[in-house]
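>
Numbering (my numbering), first residue to last: 9 to 244.
1. Could you tell me how far apart the beta carbons of residue 192 and residue 118 are, in whole angstroms, since I believe they sit closer than 8 Å?
2. Looking at residue 188 and residue 172, is the spacing between their C-beta atoms short of 7 Å?
3. Which of the three DSSP states is assigned to residue 101 in this structure?
4. Going by the CB atoms, is the gap between residue 133 and residue 59 shorter than 7 Å?
5. For residue 45, which residues of its own chain have a beta-carbon under 7 Å away from its beta-carbon, when the five flanking residues on both sides are left out?
6. Under the rule that 16 or more other beta-carbon atoms within 10 Å means buried, what is residue 208, buried or exposed?
7. Do residue 137 and residue 98 count as a contact pair if the criterion is CB distance below 7 Å?
8. How is residue 182 classed by DSSP in three states: helix, strand or coil?
9. Please classify residue 61 as buried or exposed, where buried requires at least 16 other C-beta atoms within 10 Å of its C-beta.
10. What did DSSP end up calling residue 76 once you bin it into helix, strand or coil?
11. What residues match up with residue 204 in a beta bridge as DSSP calls it?
12. Do the segment 73-86 and the segment 162-179 meet, that is, are 3 or more Cβ pairs less than 8 Å apart?
13. Look up residue 65 in the DSSP assignment and give the residues it is bridged to.
14. So, are the CB atoms of residue 200 and residue 186 less than 7 Å apart?
15. Is it the case that the Cβ atoms of residue 107 and residue 54 are separated by a distance below 7 Å?
16. Does residue 148 pass the burial test, meaning 16 or more other C-beta atoms within 10 Å, or should it be called exposed?
17. Which residue or residues does DSSP assign as beta-bridge partners of residue 14?
18. Could you tell me which residues DSSP pairs with residue 194 in its beta bridges?
19. When burial is assigned at 16 or more other CB atoms within 10 Å of the CB, is residue 104 buried or exposed?
20. In chain order, what residues of the same chain have a beta carbon less than 6 Å from the beta carbon of residue 203, not counting five sequence neighbours either side?
21. By Cβ distance below 8 Å, which residues in the same chain neighbour residue 82 in space, the five residues on each side in sequence not counted?
22. Can you tell me where the alpha helix (DSSP H) holding residue 127 begins and where it ends?
23. Using beta-carbon positions only, say whether residue 122 and residue 57 come within less than 7 Å of one another.
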């Protein structure tokens, strides 16, 4: 079993102008601007996005599961996307727990701002993770899958426990502070876990998701790809 690699010094940058446009910060409210700039400065000081990953061997592939280091991951889509490849990378990335001290503001607007800033930290942690794996293992293009992403049966959310408890040996909380609750939510909320693998063509589970108006969508729904990856004969 390979070691768990910890990335806990991930650099990040919070682009004030870009963020202000995203949150639609009013230009003429001086008090609101002071509150925003204060929060931005605190997150810049406290923020510490992190990630962990493991280089895993694919032992076998069945009709609906990928057996990874003895752990079955049930996803027909993953079976199809992996093809003949026998390596993937289990991962967990997070905005970090350090900004938790900024929670509890009586102003719901500041709570919204904080979550937007945490989302940027998470996205930069994931981007850094991709670059690290691509560089270290000389993989030109990576794609990923996360339990619960895409339509419900693409890779069920319940598979999250296999990542945390088995592929990461129950060490995720100790290493980067992410807790998996009994309801399968990750805390901090701006955290992500799943697998990464080499691909020849771009792929995202968003392409297999029918949910409209998703704020985190990274690619449009692809009906052709969805039909190709369906194995149970049902259509929508």
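Think of the CB as a built atom: it goes at the ideal place given N, C-alpha and C, for glycine as much as any other residue. The structure displayed is predicted, hence computed values, not measured ones.
Reading from the atomic positions:
1. Contact flag wrong, Cβ pair sits at about 28 Å.
2. With a cutoff of 7 Å on beta-carbon distance, residue 172 and residue 188 are scored as near each other.
3. DSSP, read as helix, strand or coil, puts residue 101 in strand.
4. Yes, Cβ-Cβ distance for residue 59 and residue 133 is below 7 Å.
5. If we look at residue 45 and ignore the five residues flanking it on each side, it has no Cβ neighbours.
6. Exposed is the call here.
7. In this structure, residue 137 does not lie closer than 7 Å to residue 98 by Cβ.
8. Three-state result, residue 182: helix.
9. Residue environment: residue 61 is assigned as buried (16 or more neighbouring CB atoms within 10 Å of its CB, all protein chains considered).
10. Here residue 76 sits in strand by DSSP.
11. In the DSSP secondary-structure assignment, residue 204 is bridged to 97 and 152.
12. In short, these stretches touch, since the Cβ pair count reaches three.
13. 95, per the DSSP bridge assignment.
14. Taking 7 Å as the cut-off, the Cβ atoms of residue 200 and residue 186 do not count as close.
15. Result yes, Cβ atoms of residue 107 and residue 54 sit closer than 7 Å.
16. Using a 10 angstroms sphere on the CB of residue 148, the tally of other CB atoms stays under 16, which defines it as exposed.
17. For residue 14, which the question treats as bridged, DSSP gives the partners 60.
18. The partner list for residue 194 (beta bridge, DSSP) reads 188.
19. Its Cβ being crowded by 16 or more others within 10 Å, residue 104 is buried.
20. Taken in chain order, the residues that qualify are 96, 98 and 153.
21. Only residues of its own chain outside the window of five on either side were considered, and among them 72, 73, 163, 164 and 167 have a CB closer than 8 Å to the CB of residue 82, listed in chain order.
22. Counting along the chain, the unbroken alpha helix (DSSP H) around residue 127 starts and ends at 116-145.
23. Taking C-beta atoms as the reference points, residue 122 and residue 57 fail to come closer than 7 Å.
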